[in-house]
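So the protein sequences, as listed, match chains A and B. Per my numbering, residue 16 is the first one in the first sequence, and the count goes up by one each step. Per my numbering, residue 478 is the first one in the second sequence, and the count goes up by one each step. Glycine is no exception: its CB is placed at the ideal position from the N, C-alpha and C atoms.
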Amino acid sequence: NAGVMQNPRHLVRRRGQEARLRCSPMKGHSHVYWYRQLPEEGLKFMVYLQKENIIDESGMPKERFSAEFPKEGPSILRIQQVVRGDSAAYFCASSAPGLAGAGEQFFGPGTRLTVL
Amino acid sequence: AQSVTQLDSQVPVFEEAPVELRCNYSSSVSVYLFWYVQYPNQGLQLLLKYLSGSTLVKGINGFEAEFNKSQTSFHLRKPSVHISDTAEYFCAVNRAGANNLFFGTGTRLTVIP
């Protein structure tokens with residue numbers, strides 16, 4: 016049973032370009048979470064999605080960031096017009112319905128975004 | 478809102494010595510508490526969690542943590558560390574039944590041979 020998959024593992028972008036980060040949840044999981052880890056900091060919640068729905072985006076920056084989890088395919092975190100401050104590790108987690116609040120979030124290996 | 482404080486950013490300890498990583502939280506409602514470990518260039522792995530019941534929680538790799546409601550703490554302990562325990566450890570909390578986790582800033586444990 017494959018775990019949470021994220022790709023790419025490393026992504027380099029120049030200022031102003033777009034970054035697309037992908038997350039495939041564990042088999043049977045329909046809930047996806049995105050977290051951002053800035054250097055020397057803990058993970059900060061960004062957004063929580065279920066299939067075709069954004070449930071909680073209270074941690075998402077108001078501009079340039081968007082997320083989706085379509086009916087088919089992986090969840091995508093999209094960052095438009097990247098700036099150097101977007102450089103961070105972005106982690107995806109997934110859970111089965113009803114278990115997320117009990118800590119049953121399984122994390123992917125992360126995508127490390129570097130903005131030049 | 479919930480928040481988590483990890484008082485020590487770095488903890489060096491000799492191999493086979495005991496270790497305690499401290500975690501304090503603040504919340505006005507019931508919470509669930511977690512410890513995660515992150516090895517270099519990897520994602521987070523759940524070590525243990527407290528949901529309810531016994532305040533002493535045992536996890537993987539010989540770690541345990543004790544929930545202390547009066548002191549709002551959830552310190553992580555291991556009686557004898559190994560080189561392989563070198564990693565970053567994160568304490569996290571969420572409101573009971575909520576979906577998003579609040580993480581501390583992490584403690585880097587370095588085990589010295």
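- Can you find a CB in chain B that lies within less than 7 Å of the CB of Tyr63 of chain A? Residue 63 of chain A sits at position 48 when you count from the first residue of the first sequence. Yes - at least one Cβ of chain B is within 7 Å of the one on Tyr63 of chain A.
- May I ask which residues mark the beginning and end of the beta strand (DSSP E) holding His552 of chain B? Against the second sequence, residue 552 of chain B aligns to sequence position 75. Counting along the chain, the beta strand (DSSP E) containing His552 of chain B begins and ends at 550-555.
- Item | The beta strand (DSSP E) enclosing Cys568 of chain B, as first and last residue numbers | Your numbering for residue 568 of chain B matches position 91 in the second sequence. That run of the beta strand (DSSP E) goes 564-572.
- Cβ distance (whole Å) where Ala478 of chain B is taken to contact Val558 of chain B below 8 Å: For the purposes of this step, residue 478 of chain B is taken as residue 1 along the second sequence, with counting starting at 1. For the purposes of this step, residue 558 of chain B is taken as residue 81 along the second sequence, with counting starting at 1. Not really, about 33 Å apart at Cβ, beyond 8 Å.
- Message: List, in chain order, every chain A residue whose beta-carbon is nearer than 7 Å to that of Gln519 of chain B.
- Response: Against the second sequence, residue 519 of chain B aligns to sequence position 42. Within 7 Å Cβ-Cβ: Pro124.
- Closer than 9 Å, Cβ to Cβ, to anything on chain B: give me those residues from the segment 47-59 of chain A, in chain order. Tyr48, Tyr50, Gln52, Glu55, Glu56, Gly57, Leu58, Lys59
- Which residues does DSSP pair with Glu541 of chain B in a beta bridge? Looking up residue 541 of chain B in the second sequence gives position 64. According to DSSP, Glu541 of chain B bridges with B:Lys535, B:Arg554.
- Euclidean distance between Cα positions of Pro85 of chain A and Gly520 of chain B: Here residue 85 of chain A is taken as the residue at index 70 of the first sequence, counted from 1. Here residue 520 of chain B is taken as the residue at index 43 of the second sequence, counted from 1. Distance between the alpha carbons of Pro85 of chain A and Gly520 of chain B: 24 Å.
- What is the residue span of the beta strand (DSSP E) that Arg585 of chain B lies within? The residue you call residue 585 of chain B lines up with position 108 of the second sequence. From DSSP, the beta strand (DSSP E) with Arg585 of chain B extends over 584-589.
- Message: For chain A, check one thing: does any of its Cβ atoms lie closer than 7 Å to the Cβ of Thr582 of chain B?
- Response: For the purposes of this step, residue 582 of chain B is taken as residue 105 along the second sequence, with counting starting at 1. Taking 7 Å as the threshold, the shortest C-beta distance from Thr582 of chain B to chain A falls below it.
- Give the secondary structure of Arg30 of chain A by DSSP, where H, G and I count as helix, E and B as strand, and everything else as coil. Position 15 of the first sequence, counted from the start, is the residue given in the question as residue 30 of chain A. Coil, per DSSP.
- Query: Of all the residues that make up the segment 534-552 of chain B, which are near chain A by a beta-carbon distance shorter than 7 Å?
  - Reply: Within the segment 534-552 of chain B, not one residue has a Cβ closer than 7 Å to any Cβ of chain A.
- Return the CA-CA distance between Lys77 of chain A and Leu498 of chain B, expressed in angstroms with no decimal places. The residue given as residue 77 of chain A occupies position 62 in the first sequence. The residue given as residue 498 of chain B occupies position 21 in the second sequence. So the two alpha carbons sit approximately 35 Å from each other.
- Task: Please say whether Gly57 of chain A and Phe580 of chain B have beta carbons closer to each other than 7 Å?
- Result: Taking the first residue of the second sequence as position 1, residue 580 of chain B is located at position 103. Taking the first residue of the first sequence as position 1, residue 57 of chain A is located at position 42. Cβ distance < 7 Å, so Phe580 of chain B and Gly57 of chain A count as in contact.
- Name the two residues that bound the continuous beta strand (DSSP E) containing Cys107 of chain A. Sequence index remark: in the first sequence, residue 107 of chain A carries index 92 (1-based). First-last of the beta strand (DSSP E) with Cys107 of chain A: 103-110.
- Establish whether the CB of Asn577 of chain B and some CB of chain A are separated by less than 7 Å. Within the second sequence, numbered from 1, the residue matching residue 577 of chain B stands at position 100. Yes, contact with chain A.
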